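Undergrad: Going by our numbering, the sequence shown opens with residue 478, and the numbers climb by one from there. I am attaching a structure below and will ask some questions about it afterwards.
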Amino acid sequence: MIRRDAQDGGESGYVIYVNALHSEVHRRFTIAHECDHFVLHRSLIGDGIVKDALMRAQGFSSRVEYQANQFAADMLMPRHLLDQAKNNGL
């Protein structure tokens, strides 16, 4: 979840929360995903983006969520590095 938080949001005024019970990989993806919402969709955040049990953002279009997922994947697994590994037989 990302939301405005004047007390804990630092200079940006926003804070990202992740589920401590999720794996480290899942938490990293969530952070990257929420960073995209901050960068591209800040005007849509309002008081916070909360994911439901199926990881759907309430009130967001599938296009906005797709963008955030794509950004997170590209940040964590840059396409050129994946292509390079694939070409090297990894």
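Ideal Cβ placement from N, Cα and C applies to all residues, glycine included. None of the values given here were measured: they were computed from a predicted structure.
Compute the Euclidean distance between the alpha carbons of Arg556 and Arg480, then round it to the nearest angstrom.
TA: 29 angstroms
Undergrad: Can you give me the C-alpha to C-alpha distance between Val502 and Val492, rounded to a whole angstrom?
TA: The C-alpha of Val492 is placed about 19 angstroms away from the C-alpha of Val502.
Undergrad: Using DSSP's beta-bridge definition, name the partner residues of Arg480.
TA: Paired residues: Val492.
Undergrad: Label Ala497 either buried or exposed according to how many other C-beta atoms from any shown protein chain fall within 10 Å of its C-beta, with 16 as the threshold for buried.
TA: exposed
Undergrad: Return the chain-ordered list of same chain residues with a C-beta closer than 6 angstroms to the C-beta of Ala545, the five sequence neighbours on each side being excluded.
TA: His510, Asp513 and His514
Undergrad: Hey, could you find the ends of the alpha helix (DSSP H) Arg567 is sitting in?
TA: Going by the sequence as given, residue 567 is Leu instead of Arg. Taken as a continuous stretch (DSSP letters only), Leu567 belongs to no alpha helix (DSSP H), as it is neither H nor E.
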